[in-house]
Each structure stands twice: as C-alpha cells, then as structure tokens.
Amino acid sequence: MIHHKRFGFRISTLTLACLVAMPGIAMADEAREQALEQRINDLEKQLQSLAAEIRAQREAPPPAAPALPAGKLPIQLTTLTPGSPAGTTVKIGGFIKADFMATKAHDGQLADAASGRILYVPGQTPVGGSSSDVDYDAHAKFSRFNIGIDNVSDSGDKAGAFLEMDFFGNALGNQTSTNTYGVTVRHAYAYWNNWLAGQTWSNFMDTSALPDSVDFIGPTDGVVFVRQAQVRYTTGGFSASLENPETTVIPNGGGGATASDRGAVPDLTLRYGWKGSWGTFGIGALFRSLDIDRAATSSAPAISDSEGAFAFTVGGKWVLGSNDDLRYQVTAGDGMSRYIGLGVTGDAALSADGNLDAIGGFAGYLAWRHVFSSQLRMNLIYARSQYDNPIDLTGTAVNESVQSFRANIFYSPIPKLDVGIELMRAKRELESGVDGSLTRLQFTTKYSF
0 MIHHKRFGFR ISTLTLACLV AMPGIAMADE AREQALEQRI NDLEKQLQSL
50 AAEIRAQREA PPPAAPALPA GKLPIQLTTL TPGSPAGTTV KIGGFIKADF
100 MATKAHDGQL ADAASGRILY VPGQTPVGGS SSDVDYDAHA KFSRFNIGID
150 NVSDSGDKAG AFLEMDFFGN ALGNQTSTNT YGVTVRHAYA YWNNWLAGQT
200 WSNFMDTSAL PDSVDFIGPT DGVVFVRQAQ VRYTTGGFSA SLENPETTVI
250 PNGGGGATAS DRGAVPDLTL RYGWKGSWGT FGIGALFRSL DIDRAATSSA
300 PAISDSEGAF AFTVGGKWVL GSNDDLRYQV TAGDGMSRYI GLGVTGDAAL
350 SADGNLDAIG GFAGYLAWRH VFSSQLRMNL IYARSQYDNP IDLTGTAVNE
400 SVQSFRANIF YSPIPKLDVG IELMRAKREL ESGVDGSLTR LQFTTKYSF
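Read in numbering that gives the first Met the number 0, the sequence shown has 46 at position 47, and its numbers run on one by one without any break.
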C-alpha cells in the first residue's frame, strides 16, 4: 500500500507541474503569433504600395513624341550616345555643293581632264594659242562630310579629333555614265590641350581672311593654300608648327616643276594673330630647307644639294561697319611657290652643276564684301602673284605672273542654303612675255548641315 501511495503522489505532482506551466506556454505561443501577424501586415502594406505605383505608371499618359518636321521625315529622331567618356560631344557636318560653269580660254584650250576645268588653277590658263570655244562643266566633287569629337575631362583637359572628306579624288567612273569620283581626305587630326597632330591647314595660312567665292578657292593666284601633316603647338594668339617638307624644282634649262620628297628637316612655321570687334590681323613666318637628292642615271650624274628659304605673310579682315569688310593678304620671300596659288612656279631652279637656286616672289589679294541683307551679299576679289625666276637656269617659258578678278553675288533664301553666281577673268604671263587669258561664268548651290 505504501508503494501505491508514492506512485499516486508522483502522478499528482507531475500533473500539478503541467498545469502550472501551461499558461506560460500559451502566452509564448500567443506572442509568436502576434509577431508573425505583424510581419504579414507589413508585407501586405509594402505589396499594396508597390501595386499602387505600378497602377500609377500604367495610368500616366505616355511622354509626348518629338515634334516631327514638315515634309519628309528624318531617318533619326532620337539622340545617339556613343561609347565615349563623360563630357564627350560628337558633331557631324558638311555640305552638298553642285557647280555649273562655262569657260572660255582666249589663247588656247584647257585639256579634257585638266583640274582647271572644275576649279581655277592659275598655272593652267592657256597661253600663246588660238581662242577656243566655250566649254561647259558640271560636278558635285566639292561636297564634303566631316565628323568632330571633343572631350573635356573632369580635370579640365581638352582632347578630340576631326575628320573631313570630299570627293575630289581620281575618277572611278567617267562623265559618259556614272560620274563617280574617289573620296579624298581633307583633314584628319587629333588634339590634346595646346597640341595638334595630323593633317590640316598649314599654320602659315590665315583661314580667317579667306573671302566668299563661288570657285573652290577664290583668290587662288595670291593666297597661301596648303593642307599637310604637321605637329602644332598653340598658346593664346601664338602658334608654331613642324610641317611636311616637299620641294618643287624646275629642271636646268626649263620645263615643268618636279617634286622632290627629300630632306630631313620639316618646314617650320610661326604665327601670331589678333582679333576683336574691328576684325582680325595675323603675321606668319616660314622657314624651309629646299632639298634634292637624286641618284646617277645613264644620262645624268647624281645630284644632291640643299638651300635655305624664308617667307613671311601678313593678312586679316578689317570690319568697315555692320555691312562691309575688307579681307587681304600679302606674302613675300624665297622658295615659297608650293604654298601659293597651287604651285604657280617652282620653289627652286636647278643649275647645270646640280645646285639649287631658290626662286623669290610676292603674292597677295584684296576682297571687299558687302551685305545687302541677311539673304543677299556680294564680293569683289582681286588676286596676283609674281616671281623672279632665274631665267638663265629656267629659260623664259616659265610663269612670271598670274592674276584674276572676280565678282560674285550670293542669295540665301533660308539658313544653310546658298545660291551663288560668279564672273571671273584671269591672266597668265610667261617670262618670255607670252600670255593668255580665261573667262568663266560659274553658278553654284550649296546646302550646309
């Protein structure tokens, strides 16, 4: 009996312990349930907020489409973003230019394939012959396309590149059917802060003083006009460059100038320019080493010589008022012919014993521009260059002078569109006194973009 009482006591004790613990267990379960319920409520609120945002986005009106221009729709309406660093801008430009011209040579005839048929080349004006009939030519070779890339870094460094092409290359077709022409590189350079490297206008050239003309160049007879590879440094109004050297040489006894791509010294140019509301003004200097180095042949001995040359130029634009300005340039020196007028004569003449003699000369132009209105303007341009050829070396059948006068008028019915007409009269004279003249009426249309 004693054992039974002990067992019953143990059961009673266990039961009592369970009864005492049950309220605590129940309270713990209830706390967990409340926490879980709170988390569920929080998730429901987040889902409701997200759903509200989605509904708002769906119900919002779509963004307005970009305004479409009148007429034919452009190919691209959205901005293209290149894979370039921040601070990079890309600009695309150029123009479509068509030229139509009637040319009369009064003392000979321009050859069918002559460059002088599509632009004015002073050294190609026929001399000493009979008057020819009027020749008509039309082309779009001087249309061009360019792309410029500019970047400004977080540190303030500036860098970029520029590439421009036109279609004044060798003919890939002919005027009989396709009128196809090759692409030519005009400019291809990169720059970093004050430094530039690549092909562009010579630093000896003052592009700010070029006048408006229907012809590709205009005052060709007297203007510095060269594009070539170079390394240039610019700070403020000062710039200096080392440029690709090339020497044109007239053979002993006369004949056409030939190019000599010899020499280890690049052409050095220095320039300083000023500009203001009054216009622009610049001075430039050119230092050259004229070189020739030819191996002996069965009919001629070896030739090797070099000659120093120097030239200077001044020019600019003088603003005469709100509607008028004068543009001008004067250049003089020795061995500068390659830089003037598309090479009117040689840089140097060759003596019988193989020595170079630099040819001196001067060149210049003056242009008056008058603006009648925002749509109408005119230009009068006179240009000339003259050379002191050593005729004991060159003979008298070389160019002594070239000159031209032109008058033009441009009409711009809308921005970026120019329609122009120009009348030109040109003359070329040899050292012998034989001369010839050329008359050209030229019409052009140009749309820039």
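Every residue, glycine too, gets a C-beta built ideally from N, C-alpha and C. Please read these numbers as outputs of a predicted model, since none were measured by experiment.
Collapsed DSSP secondary structure at residue i in the structure displayed
i, result
"THR330", "strand"
"THR206", "helix"
"ARG261", "coil"
"ALA50", "helix"
"ASP41", "helix"
"TYR190", "strand"
"TYR119", "coil"
"SER384", "strand"
"ALA396", "coil"
"LEU35", "helix"
"ASP391", "helix"
"ASP220", "helix"
"ALA357", "strand"
"SER297", "coil"
"ALA113", "coil"
"SER276", "coil"
"SER336", "helix"
"GLU58", "helix"
"ALA452", "Absent from the structure is residue 452, since the part of the chain shown begins at 0 and ends at 448."
"ALA196", "strand"
"ALA85", "coil"
"LYS4", "Per-residue confidence for LYS4 stands at a pLDDT of 48, beneath the threshold of 50, marking its modelled position as unreliable; the derived number appears in the next sentence. Here LYS4 sits in helix by DSSP."
"ASP163", "At residue 163 the sequence reads Glu, which differs from the Asp that was named. Looking at GLU163 - three-state DSSP - the assignment turns out to be strand."
Presumed contact (8 angstroms Cβ cut-off) between residue i and residue j, rounded CB distance
i, j, result
"THR344", "VAL329", "Wrong, their Cβ atoms sit about 18 angstroms apart, outside the cutoff."
"GLY325", "TRP367", "For the record, residue 325 in the displayed sequence is Leu; it is not Gly. Sure, about 6 angstroms apart at Cβ, within 8 angstroms."
"ASP165", "THR183", "6 angstroms"
"PRO244", "PRO265", "5 angstroms"
"LEU437", "ALA425", "4 angstroms"
"ASP449", "GLN402", "No information on residue 449 is available, as it lies outside the stretch 0 to 448 that the chain covers here."
"GLY122", "GLN108", "Contact flag wrong, Cβ pair sits at about 15 angstroms."
"VAL223", "PHE203", "6 angstroms"
"ASP98", "PHE141", "7 angstroms"
"SER201", "GLU242", "6 angstroms"
Buried/exposed call for residue i, threshold 16 Cβ in 10 Å
i, result
"ASP214", "buried"
"VAL225", "buried"
"PHE371", "exposed"
"ARG450", "With the chain represented from 0 up to 448, any question about residue 450 goes unanswered, as that position is not in the structure."
"ALA382", "buried"
"ALA59", "exposed"
"LYS42", "The residue asked about is misnamed: residue 42 is Leu in this sequence, not Lys. Looking at its Cβ environment, which holds fewer than 16 other Cβ atoms inside 10 Å, LEU42 is exposed."
"ALA113", "exposed"
"ALA196", "exposed"
"ARG270", "buried"
"ASN173", "exposed"
"ALA51", "exposed"
"ILE39", "exposed"
"LYS274", "exposed"
"ASP323", "exposed"
"PRO400", "Per the sequence shown, the amino acid found at residue 400 is Ser instead of Pro. The residue in question, SER400, is buried, as its Cβ has 16 or more Cβ neighbours within 10 Å."
CB contact flag (residue i, residue j, <9 angstroms)
i, j, result
"LEU375", "PHE409", "yes"
"ALA308", "GLY281", "no"
"GLY92", "ASP205", "no"
"GLY278", "GLY315", "yes"
"GLY353", "PRO300", "yes"
"ALA158", "ALA189", "yes"
"LEU349", "VAL397", "no"
"ASP149", "ALA85", "no"
"ILE413", "THR443", "no"
"GLY340", "ALA104", "no"
"GLY363", "SER384", "yes"
"ALA347", "VAL248", "yes"
"ARG427", "VAL126", "yes"
"GLU306", "ALA263", "no"
"TYR327", "LEU285", "no"
"ASN407", "ASN388", "no"
"ILE216", "LEU118", "yes"
"SER447", "TYR386", "no"
CB contact below 9 angstroms: residue i versus chain D
i, result
"VAL264", "Included in the structure is just one protein chain, with no chain D present."
Using 8 angstroms as the Cβ pair cut-off and three pairs as the minimum, do the stretch 134-143 and the stretch 235-242 touch?
no
Between the stretch 273-291 and the stretch 256-263, are three or more C-beta pairs nearer than 8 angstroms?
yes
Can you confirm whether the stretch 86-104 touches the stretch 134-153 when touching is taken to mean that 3 or more C-beta pairs between the two stretches lie within less than 8 angstroms?
A contact is defined here as three or more CB-CB pairs under 8 angstroms, and the stretch 134-153 meets this definition with respect to the stretch 86-104.
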